[in-house]
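For reference, the structure discussed in these notes is given below.
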Amino acid sequence: DTAVSQTPKYLVTQMGNDKSIKCEQNLGHDTMYWYKQDSKKFLKIMFSYNNKELIINETVPNRFSPKSPDKAHLNLHINSLELGDSAVYFCASSHRGAYEQYFGPGTRLTVT
Amino acid sequence: DAKTTQPPSMDCAEGRAANLPCNHSTISGNEYVYWYRQIHSQGPQYIIHGLKNNETNEMASLIITEDRKSSTLILPHATLRDTAVYYCIVRLGAAGNKLTFGGGTRVLVKP
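The listed protein sequences derive, respectively, from chains A and B. For the first sequence, the working numbering assigns the number 6 to the initial residue and increments by one for each residue that follows. For the second sequence, the working numbering assigns the number 4 to the initial residue and increments by one for each residue that follows.
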């Protein structure tokens with residue numbers, strides 16, 4: 006069973022559209038994250054949620070809105086997509102304060 | 004979080020030990036050293052972490068200098084599947100959840 010799963014794996018869309026990426030973890034963790042990896046391969050934290058509460062928001066445009074319906078899910082909704090949003094988005098989870106984070110396989114978003 | 008410096012790339016022969024250096028001269032007393040790796044087209048994977056003492060697990064060993072300003076990740080018997088980008092990260096252990104990734108070291112294991 007996949008510990009951290011993301012859907013879809015690939016997403017191609019046009020500028021201006023709204024899209025969502027879903028993330029689910031079956032590890033019983035209480036903290037989930039979204040990271041963005043740009044074309045230069047740098048991985049940067051975007052958001053972190055603990056028990057459905059937002060605890061990290063790293064100066065991400067408000068077009069990005071994470072939603073955590075329960076502890077096992079953290080979805081990422083993006084409004085008015087721009088070319089610069091093209092990247093690979095990784096979801097991760099952990100126990101809060103734990104040493105190890107578990108990452109999903111990533112969602113490659115391409116905005117045309 | 005303290006900044007880390009790693010060589011951009013290195014090659015390693017299959018079956019030999021791979022020694023990956025990391026400098027973190029501004030590390031503070033309560034910051035841990037973490038290592039993650041990212042195999043092509045996959046999410047990052049935790050390898051090991053340490054505070055002061057050397058650490059070993061089934062994947063690797065972590066050697067931290069006495070002054071804690073640098074560390075070395077050792078893959079004892081590198082295989083082709085160890086080809087990946089390896090990230091050295093310094094952060095607070097018990098508080099602060101985010102991982103701050105740098106450029107990492109691209110390791111190519113050759114047959």
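By construction, the Cβ of each residue, glycine as well, lies at the ideal position given by its N, Cα and C atoms.
query: Within the stretch 6 to 67 of chain B, ranges of the beta strand (DSSP E) (whole runs, at least 3 residues); result: 12 to 16, 21 to 26, 34 to 41, 48 to 53, 64 to 67
query: Close-in-space but distant-in-sequence residues of the same chain around residue 62 of chain A (CB under 7 Å, 5 per side omitted); result: 52
query: Residue interval of the beta strand (DSSP E) (run including residue 54 of chain A); result: 48 to 55
query: Contact under 8 Å by Cβ, residue 93 of chain A with residue 68 of chain A; result: no
query: Cutoff 6 Å; reference residue 57 of chain A; Cβ partners in own chain excluding five residues on either side; result: 73
query: Interfacial residues, the stretch 67 to 89 of chain B to chain A, with Cβ spacing under 8 Å; result: 88
query: Chain B within 8 Å of residue 33 of chain A, Cβ atoms only; result: no
query: Min CB distance residue 94 of chain A to chain B below 8 Å; result: no
query: Residue 48 of chain A at chain B interface by Cβ criterion, 8 Å; result: yes
query: Where residue 94 of chain B falls: helix, strand or coil (DSSP); result: strand
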